[in-house]
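According to the numbering used here, the stretch in the sequence shown is residues 1009 to 1376, in order. To start, the structure itself, in structure tokens.
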Amino acid sequence: MDIFKELYLYLFLIMAGNSFGNIFRLTSYGESHGPAIGGILDGCPSGINIDIEKIQHDLDRRKPGQSAIVTQRKEADEVNFLSGIFEGKTTGTPISFVIYNTNQKSKDYNHIKESYRPSHADLVYDKKYGHRDYRGGGRSSARETAARVIAGAIAKQFLSSIRFTAYVKSVGSIELNKPYQELDLNNIESNPVRCPDKEIASKMEAYIKDIKKEGNTIGGVIRCIIQNVPIGLGEPVFDKLHAQLGKAMLSINAVKGFEYGSGFSGTKLKGSQHNDLYNNDGSTKSNLSGGIQGGISNGMDIYFDVAFKPVATIMQNQETINKKGEKITMEGKGRHDPCVVPRAVPIVEAMAAITLADFILLNRTIKL
Ligand SMILES: Cc1cc2nc3c(=O)[nH]c(=O)nc-3n(C[C@H](O)[C@H](O)[C@H](O)COP(=O)(O)O)c2cc1C
């Protein structure tokens, strides 16, 4: 079996696409079981006060081992800054940072050296690059997203007047189906699921525990709200604000969908029901546009949903193939997340903040 025969022509390709953003630009590096992961954040203006504890707080919300419903890999995820911050403020130079990996159990991954987890990145990495760090999924591991959380936490401090809030809206078919305006968003961090409705949160938590016992995984949806956004962010035609937010979200591991404003449900309405009518000051009475019109922020809240799949690694025997194309049975091994949405909440906020920081800086570009 050689369905990827044509790709062999291009074996040993470089991996492109390790950076995100035009001016406020993050490059991440590192693999799950290498010595470290980290990043370089270029284009952050000088003079921004940086509170390292706030950065660490966001990292702690993402880190593994934080509760019984996430992967039990134990990492402190402590960030070390090497440049770009001096006496508590950014200097305008590249901000480089590193997190040392301390809790790798690489032998748990010997079984995927020569064979491929169904619906993970193992097969395509092998076919494309010819040589891969298979330990813990290597570069395809969501451990990379720690770098995004650090850059995002810096972006949040740069954009201190803008509020980024994400929460878990659904786990499997258990859904919090209320408008975000009716929720107490202060409750998000009060439970390990990160759902602001405590009753629904405990149902979600119990369900994730059952799924874990089964050796299975389940998906979910994260809602993100961005408040106090200035009018005028976004660059028509190709770099519309929602297009860049969509790219930011779809670049997160395991993301399968993005919708903003009325999204897919808006297709069921008539124009007369869907139009957001104006108040005299230019704000709108409703906000089905999701705070973006013509690709430009209109000053209303931006809100969007991000769909995460049930991740690939399940603790059950599965049929798969090995490098030689032979059918084999693969055992589920290693430490994995039964449901990634609780840990993905700070990642979604981070990518939203990086995207907006970039547009703010694009607006500041001086034309000569
Ligand atoms: C916070 C987070 C944790 C994740 N943990 C796991 C995991 O434990 N096991 C797994 O198979 N995938 C996990 N993933 C997803 C994989 O990284 C992802 O599915 C894989 O790279 C393949 O990419 P794709 O699903 O986007 O196609 C996680 C994703 C996120 C966002």
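Just so you know, even glycine gets a beta-carbon here, dropped at the ideal spot from N, CA and C. What you are looking at is a predicted structure, and each value in this text was computed from that prediction instead of being measured.
Distance, Cα to Cα, residue i vs residue j?
| i | j | result |
| --- | --- | --- |
| R1351 | C1232 | 14 Å |
| D1335 | R1143 | Sequence inspection shows Lys at residue 1335; the Asp mentioned does not correspond to that position. Spanning the two alpha carbons is a distance of roughly 22 Å. |
| L1034 | A1214 | 37 Å |
| Y1268 | V1179 | 19 Å |
| M1009 | N1330 | Confidence at M1009 is low in this model, with a pLDDT of 48, below 50, so the placement of that residue should be treated as unreliable; the coordinate-derived value is given next. So the alpha carbons of these two residues sit roughly 11 Å apart. |
| R1202 | V1349 | 9 Å |
| I1058 | L1249 | 26 Å |
| D1205 | S1198 | 10 Å |
| G1138 | R1070 | 31 Å |
| Q1301 | I1239 | 10 Å |
| S1303 | I1234 | Residue identity differs from the one stated: residue 1303 is Gly in this sequence, not Ser. If you take the alpha carbons of G1303 and I1234, they lie about 15 Å apart. |
| D1192 | T1337 | 47 Å |
| D1066 | P1354 | 6 Å |
| H1282 | Q1324 | 46 Å |
Give me the residue from the options with the minimum Cα distance to residue i.
| i | options | result |
| --- | --- | --- |
| K1317 | V1106, H1128, D1116, P1072 | H1128 |
| S1210 | R1372, I1182, A1256, K1186 | I1182 |
| G1298 | G1290, I1310, D1289, N1306 | I1310 |
| Q1189 | P1200, N1199, Y1175, V1179 | Y1175 |
| K1332 | M1257, L1131, I1045, C1052 | L1131 |
| Y1117 | G1342, I1170, P1354, F1032 | G1342 |
| P1200 | H1041, P1072, N1026 | P1072 |
| I1230 | D1313, D1068, N1371 | D1313 |
| V1237 | S1280, L1277, N1306 | N1306 |
| C1347 | I1031, G1055, I1060, S1075 | S1075 |
| S1259 | N1224, A1358, K1276 | A1358 |
| S1280 | N1287, L1296, F1272 | L1296 |
| Y1037 | F1266, A1360, K1255, A1155 | A1155 |
| S1169 | G1047, I1056, S1294 | I1056 |
| K1220 | V1319, L1241, K1264 | V1319 |
Given a threshold of 16 other Cβ atoms within 10 Å of its Cβ, counted over all protein chains shown, does residue i qualify as buried or as exposed?
| i | result |
| --- | --- |
| T1110 | exposed |
| I1022 | exposed |
| F1246 | exposed |
| Q1252 | buried |
| T1373 | exposed |
| G1123 | It should be pointed out that residue 1123 corresponds to Ser in this sequence rather than to Gly. Buried: at least 16 other Cβ atoms inside 10 Å. |
| E1095 | exposed |
| I1368 | buried |
| T1098 | buried |
| A1365 | buried |
| L1049 | buried |
| L1090 | exposed |
| D1289 | exposed |
| I1060 | exposed |
| A1024 | exposed |
Between residue i and residue j, how many whole angstroms is the CB-CB distance? I'm expecting something under 8 Å.
| i | j | result |
| --- | --- | --- |
| I1103 | I1196 | Rounded, the Cβ-Cβ distance is 27 Å, inconsistent with contact. |
| G1340 | T1321 | 6 Å |
| D1345 | T1079 | 5 Å |
| Y1108 | P1043 | 7 Å |
Taking Cβ positions only, does residue i come closer than 8 Å to chain C?
| i | result |
| --- | --- |
| V1349 | Here chain C cannot be found, since the structure has a single protein chain. |
Complete runs of the beta strand (DSSP E) confined to the stretch 1259–1298 [at least 3 residues]: 1263–1268
Every unbroken beta strand (DSSP E) within the stretch 1318–1359, with a cutoff of 3 residues, ordered by chain: 1326–1329, 1335–1338
Whole runs of the alpha helix (DSSP H) within the stretch 1189–1242, excluding any shorter than 4 residues: 1206–1221
Complete runs of the beta strand (DSSP E) confined to the stretch 1103–1168 [at least 3 residues]: For the stretch 1103–1168, the continuous beta strand (DSSP E) assignments of 3+ residues that do not extend past its boundaries occur at 1103–1108, in sequence order.
Length at least 3, wholly inside the stretch 1044–1111: the beta strand (DSSP E) runs in chain order: Restricted to the stretch 1044–1111, the beta strand (DSSP E) segments that are unbroken, complete and at least 3 residues in length are 1044–1050, 1088–1091, 1103–1108, listed in chain order.
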